[in-house]
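This report refers to the structure that appears directly beneath it.
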Amino acid sequence: MKTFCGRANPTTGAMEWLEEAEDYDYHQEIARSRYADMLHDKDRNVKYYQGIRAAVSRVKERGEKAIVLDIGTGTGLLSMMAASAGADFCYAVEVFKPMANAAVKIVEKNGFSDKIKVINKHSTEVTVGPDGDMECRANILVTELFDTELIGEGALPTYEHAHKYLVQEGCEAVPHRATVYVQLVESKRMWSWNKLFPVHVKAEDGEKIIVPPPEMENCPGVPSVCDIQLNQMPSSDFTTLTDVVTMFSVDFSKPVQSASTYYRVQLEPVKSGKAQILLSWWDIDMDPSGTINCSMAPYWVKPTSALQWRDHWMQCVYFLPKEEPVLQGEKVFLTAWRDEYSVWYKLQKAREEEDKADVCVESPVCRCHAHLLWNRPRFGELNDQTRTRRYIEALRKVLNTDSVCLCISDGSLLPVLAHYLGAKKVQYIIPYFRYLHFILVFKANHLEDKIKIIEARPELLKPSHLEDKKVSVLVGEPFFSTSLLPWHNLYFWYARTAVTSHLTSNVTVLPQSASLHMMIVEFQDLWRIRSPCGICEGFDVQTMDDMIKDSLNFRESKEAEPHPLWEYPCKSLSDPQEVLTFDFRKTVPQHCLSTEGSVNLLRKGRSHGAVLWMEYHLSADISISTGLMQISNEKGNCEWNPHCKQAVYFFSSVIESETLSDPGAVTYAINFDTKTGEIAMDFKL
1 MKTFCGRANP TTGAMEWLEE AEDYDYHQEI ARSRYADMLH DKDRNVKYYQ GIRAAVSRVK
61 ERGEKAIVLD IGTGTGLLSM MAASAGADFC YAVEVFKPMA NAAVKIVEKN GFSDKIKVIN
121 KHSTEVTVGP DGDMECRANI LVTELFDTEL IGEGALPTYE HAHKYLVQEG CEAVPHRATV
181 YVQLVESKRM WSWNKLFPVH VKAEDGEKII VPPPEMENCP GVPSVCDIQL NQMPSSDFTT
241 LTDVVTMFSV DFSKPVQSAS TYYRVQLEPV KSGKAQILLS WWDIDMDPSG TINCSMAPYW
301 VKPTSALQWR DHWMQCVYFL PKEEPVLQGE KVFLTAWRDE YSVWYKLQKA REEEDKADVC
361 VESPVCRCHA HLLWNRPRFG ELNDQTRTRR YIEALRKVLN TDSVCLCISD GSLLPVLAHY
421 LGAKKVQYII PYFRYLHFIL VFKANHLEDK IKIIEARPEL LKPSHLEDKK VSVLVGEPFF
481 STSLLPWHNL YFWYARTAVT SHLTSNVTVL PQSASLHMMI VEFQDLWRIR SPCGICEGFD
541 VQTMDDMIKD SLNFRESKEA EPHPLWEYPC KSLSDPQEVL TFDFRKTVPQ HCLSTEGSVN
601 LLRKGRSHGA VLWMEYHLSA DISISTGLMQ ISNEKGNCEW NPHCKQAVYF FSSVIESETL
661 SDPGAVTYAI NFDTKTGEIA MDFKL
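Here the sequence shown is numbered in full-length UniProt numbering, starting from 1 and rising by one per residue.
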């Protein structure tokens, strides 16, 4: 059975109806899941196994049968650990039907069908009793319901329900407790992900400044957590203002309350500075004594410990509602509020704390619209002064006092730059819902009557929109909020084609062209998310590997996927190679753009995949890369644009080139279908 799915094509901008198989969504869920990453997380698995063994032993020592409830069983791994540790019976609950079916097969394959019952329900729908899903309440509760923020996947309401209806009072719990830690820091880099900084522009008539509107300055932002691989953040990019402190703990062996509440701690700054950011992470104790501990602490907290790489649990960056100066030794109070699914923070001076102790603070809501339309990397990109200077330099070359300029890009500063650099007329074409925040920028800089916003799609542009004047300079970054993969921003090319009749015959287009680049890499760790596990802690989980493989192969050709590679170290095994070019001075051609060739491997290593990115050529000698910034040493370590996600195409098999004398080559075939805007690619090792 087929189903029709509607979507806006991110590259062409067209509305499309695609015929998809009925299980398309399921395959997407499995293919992009982090199950492989969890199965490769040795530290997590070992600690869970140790904790489960200890919990079963404690129950047995009391002369009781060990009855386990495993909520969110996934592959059934934790239930099999419990059965192997001597549990008398396990109830493994899994709400995602394809996953529950896989768990049944994995449990059977490992010989535990008589000890484990897989229940395909949400845990809140599980019944207990002679005719229920569970014959009796469990006395051991095992779960893995955590995300990077700890509670974002609904752990608290799930535990609350389980204690009320599914487990015995005084049950054992694995993990036994979770503890959330915070550290106050100053970081211009991370703060730039949440606020718009002033932009200085040297114009003919002196220096101009694009000032951020007060509505953005005072906006608390959005409540969604910013989760990153904090271990890739250099220590030079932040200053710690306090020691690490415990914010709150949750004891999972006792009834859990999910109702909104708050926690308060006193902080004593160890350094004076601007309090901007709270870094946060958690650890879990698998046993009551805390001897079996699994920690997400970043490198500077436990410098002597070997760090376990994982992508399913990272670290959190929280932005304070506003920047607060703090003085060394002068105590401040930090309050954490939480609801069922999220946490947010506020810093208060000691004298304020007395008056506001019981004031409930609502979850932050963005009122300036910018935080709803720009994600954190986009804020960082707009605040990148080096990048902005390149656009200014390129615009200065093409603009003059007769220029009629049209900008096509989402939430871009280019119209303001074009006006400050002397363009006669500046117009900005952008859909209504994407420019609400930009009206604030125009107002703050008194530009409402200087830049005309055209609320129309490019293909619906009329001469009257442009006051019957032809456009002499067409500009774009290009950036569009609907883009996921690097080449999706080629929507600029399609928009440029749509407005061709409104352009002068000698129009200047900036950027004048773009190119797609590729490089073969070896990942330090990211390969784990797509690598089969086979045997995990002695249990055969190949059924899960096969499920992921089938879902990845669901499409006729595999797809590249977006990843911010500054968070995922890799080394280049080949030189970067330009593989396709796109000439924005001409309209989109009717024919496909194709290329094939081979790239030589220059270094020994494991070829995990190809990385692809775009470069935009603003002029003959000024370019912007959305991917590789530089290869930093002879080992091939790469530096990536930190504001963009690069496309990663994982090879289905990994070839290890051991010798430098003949490391081999990778052949490729890449096809850009100009009708669909999609890129198909194939690689052979």
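Just so you know, even glycine gets a beta-carbon here, dropped at the ideal spot from N, CA and C.
All values reported here derive from a predicted model rather than from experimental measurement.
- When DSSP states are grouped into helix, strand and coil, A423 belongs to the coil group.
- Here the region 317-329 lies against the region 268-285, with 3 or more beta-carbon pairs under 8 Å apart.
- Of the other Cβ atoms in all chains shown, 16 or more fall within 10 Å of the Cβ of K645; this residue is therefore buried.
- Within the region 565-638, the runs of beta strand (DSSP E) at least 3 residues long that lie entirely inside it are, in chain order, 570-572, 577-583, 593-600, 605-619, 622-625, 628-631.
- With respect to the C-alpha of Q232, the residue from Y616, S619, E567, P576 having the closest C-alpha is E567.
- Contact between L580 and F651 does not hold, since their C-beta atoms are separated by about 20 Å, which reaches or exceeds 8 Å.
- For I439, the enclosing alpha helix (DSSP H) has its first and last residue at 436-444.
- Residue state for M216 is assigned as helix, using DSSP reduced to three classes.
- Take R528, set aside five residues on each side of it, and the residues of its chain with a beta-carbon closer than 8 Å to its own are A36, D37, H40, W309, D311, in chain order.
- Linking S481 to I140 through their CA atoms gives a straight-line distance of about 46 Å.
- Taking T500 as reference, the option from I451, R585, H563 with the minimal CA-CA separation is R585.
- When DSSP states are grouped into helix, strand and coil, N293 belongs to the strand group.
- Take the alpha-carbon of Q183 and the one of S192: they are about 18 Å apart.
- Distances from the alpha-carbon of Y263 to those of Q276, K208, L347 put L347 closest.
- Taking a cut-off of 8 Å on C-beta distances, the region 401-408 does not touch the region 378-386, as fewer than three cross pairs fall below it.
- In the DSSP assignment, W337 is bridged to Y262, W344.
- In terms of CA proximity to M614, F582 leads the group F582, C294, H608, L421.
- Counting C-beta atoms within 10 angstroms of its own C-beta, K202 has fewer than 16 neighbours from the protein chains shown and is therefore classed as exposed.
- The beta-bridge partner set that DSSP reports for P325 consists of K274.
- Closest option to A138, judged by alpha-carbon separation, among H163, P157, F146, D131: H163.
- Taking one beta carbon from each stretch, the region 223-232 and the region 173-180 have fewer than 3 pairs nearer than 8 Å; the two do not touch.
- Taking the CA atoms as reference points, L372 sits about 14 Å from L440.
- Judged by DSSP in its simplified three-state form, H200 adopts strand.
- Under DSSP, M134 takes part in a beta bridge, and its partners are V128.
- DSSP, read as helix, strand or coil, puts K208 in strand.
- In chain order, V211, P213 place their CB closer than 6 Å to the CB of A444, counting only its own chain and leaving out the 5 sequence neighbours on each side.
- Per the C-alpha coordinates, the member of G221, V265, D251, S249 positioned closest to T242 is V265.
- Burial state of P303 is exposed, judged by a 10 Å Cβ sphere holding fewer than 16 other Cβ atoms.
- Judged by DSSP in its simplified three-state form, M99 adopts helix.
- Secondary structure of V365 (DSSP, three-state): coil.
- Following the DSSP letters along the chain, one finds Q385 in no beta strand (DSSP E) but inside the alpha helix (DSSP H) bounded by residues 385-398.
- With respect to the 8 Å criterion, S123 and V93 are classified as neighbours on the basis of their beta carbons.
- Burial state of I451 is buried, judged by a 10 Å Cβ sphere holding 16 or more other Cβ atoms.
- Sequence-distant Cβ neighbours of I392 in its own chain, meaning closer than 8 Å and more than five residues away, are V201, K202, L417, L421.
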